[in-house]
Amino acid sequence: MGLAFLGIMLLLLVGYFVYITNERSGKIAVEVVAVPGDAHITINNAVFSPGIAYLKPGYYEIKATKEGFADFSSVASIESTSDQAIPIPMEATSDEAKKWAEDNQDKYLELEGRAGKSAQQRGDVFQEKNPIVKHLPYDSFLYTIGYKADPSDPSGNSIIIEIDAGEGYRQAAIYQISQWGYNPADFKINFRNYKNPFTS
2 MGLAFLGIML LLLVGYFVYI TNERSGKIAV EVVAVPGDAH ITINNAVFSP GIAYLKPGYY
62 EIKATKEGFA DFSSVASIES TSDQAIPIPM EATSDEAKKW AEDNQDKYLE LEGRAGKSAQ
122 QRGDVFQEKN PIVKHLPYDS FLYTIGYKAD PSDPSGNSII IEIDAGEGYR QAAIYQISQW
182 GYNPADFKIN FRNYKNPFTS
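Going left to right, the sequence shown walks through residues 2 to 201 as the numbering used here numbers them.
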């Protein structure tokens, strides 16, 4: 009986491990941080608690409610990187909730610090994937080179280079990109006509 019990327990543990591994496959560990911590939280209409949530990269609609606090709603972009957080700072509206918020400012400050750390990490990933942005925006008398987020990439980490230049000066802008050490063919480039403010 003792060996059979151990065998069943081992089988259950292995099954649980396989289930957890499959359940988290392709997902990112994201810290859900809410103040107050007992708020009712939904992510894409599924109920979550503060702590670690496993989510696939993409956009998520975040909502939170708690009596005495204003309803919270935002959109979060989850990327395929580590150390991400979904901060949920709820604004107190009732007198009782305002008193609670006043007595728990340390929790709001901790949440703010965690959100700042996560934002910095996302900024570092963006810079790493798009090193050309350290040169942009770039202005000359003949053209300007800037960038915008590529709407086809839900992670927000892809860009489109925007060049404002008359047709005769577009090649000069392309040459400038190559002078920085980048291959212009590696980028999506959008050309717009540039009007020199010093000519009529």
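Glycine included, C-beta positions come from ideal geometry on N, C-alpha and C.
Compute the Euclidean distance between the alpha carbons of residue i and residue j, then round it to the nearest angstrom.
{"i": "Y139", "j": "I146", "result": "5 angstroms"}
{"i": "G117", "j": "I164", "result": "32 angstroms"}
{"i": "F49", "j": "G124", "result": "26 angstroms"}
{"i": "V134", "j": "S179", "result": "14 angstroms"}
{"i": "I63", "j": "A71", "result": "14 angstroms"}
{"i": "G169", "j": "V31", "result": "49 angstroms"}
{"i": "V126", "j": "V76", "result": "19 angstroms"}
{"i": "Q177", "j": "A86", "result": "38 angstroms"}
{"i": "D104", "j": "T43", "result": "26 angstroms"}
{"i": "N46", "j": "G38", "result": "18 angstroms"}
Might you give, ordered along the chain, the residues of its own chain that have their beta carbon closer than 6 angstroms to the beta carbon of residue i, omitting 5 neighbours on each side?
{"i": "F73", "result": "A65, I89 and M91"}
{"i": "V1", "result": "Outside the modelled stretch of the chain, which goes from 2 to 201, sits residue 1, for which no answer is possible."}
{"i": "I162", "result": "Y148, F188 and I190"}
{"i": "A102", "result": "A93"}
So what does DSSP say about residue i, is it helix, strand or coil?
{"i": "G59", "result": "strand"}
{"i": "D107", "result": "helix"}
{"i": "G182", "result": "coil"}
{"i": "D96", "result": "helix"}
{"i": "S78", "result": "strand"}
{"i": "F49", "result": "strand"}
{"i": "K67", "result": "coil"}
{"i": "A150", "result": "strand"}
{"i": "S201", "result": "Confidence in S201 is poor, its pLDDT being 45 and thus under 50, which makes the residue's placement unreliable; the coordinate value appears in the next sentence. Looking at S201 - three-state DSSP - the assignment turns out to be coil, as it is neither helix nor strand."}
{"i": "A166", "result": "strand"}
{"i": "D140", "result": "strand"}
For residue i, is the classification buried or exposed, using 16 other Cβ atoms within 10 angstroms of its Cβ as the cut-off for buried?
{"i": "I53", "result": "exposed"}
{"i": "K223", "result": "Here the chain comprises residues numbered 2 to 201, so residue 223 is not present and cannot be evaluated."}
{"i": "A174", "result": "buried"}
Excluding sequence positions up to five away, which residues of its chain have a Cβ less than 7 angstroms from the Cβ of residue i?
{"i": "H136", "result": "W181"}
For residue i, which residues of its own chain have a beta-carbon under 8 angstroms away from its beta-carbon, when the five flanking residues on both sides are left out?
{"i": "M10", "result": "none"}
Could you check whether the stretch 94-101 touches the stretch 112-127, counting it as contact only if at least three pairs of C-beta atoms, one from each stretch, sit closer than 8 angstroms? no
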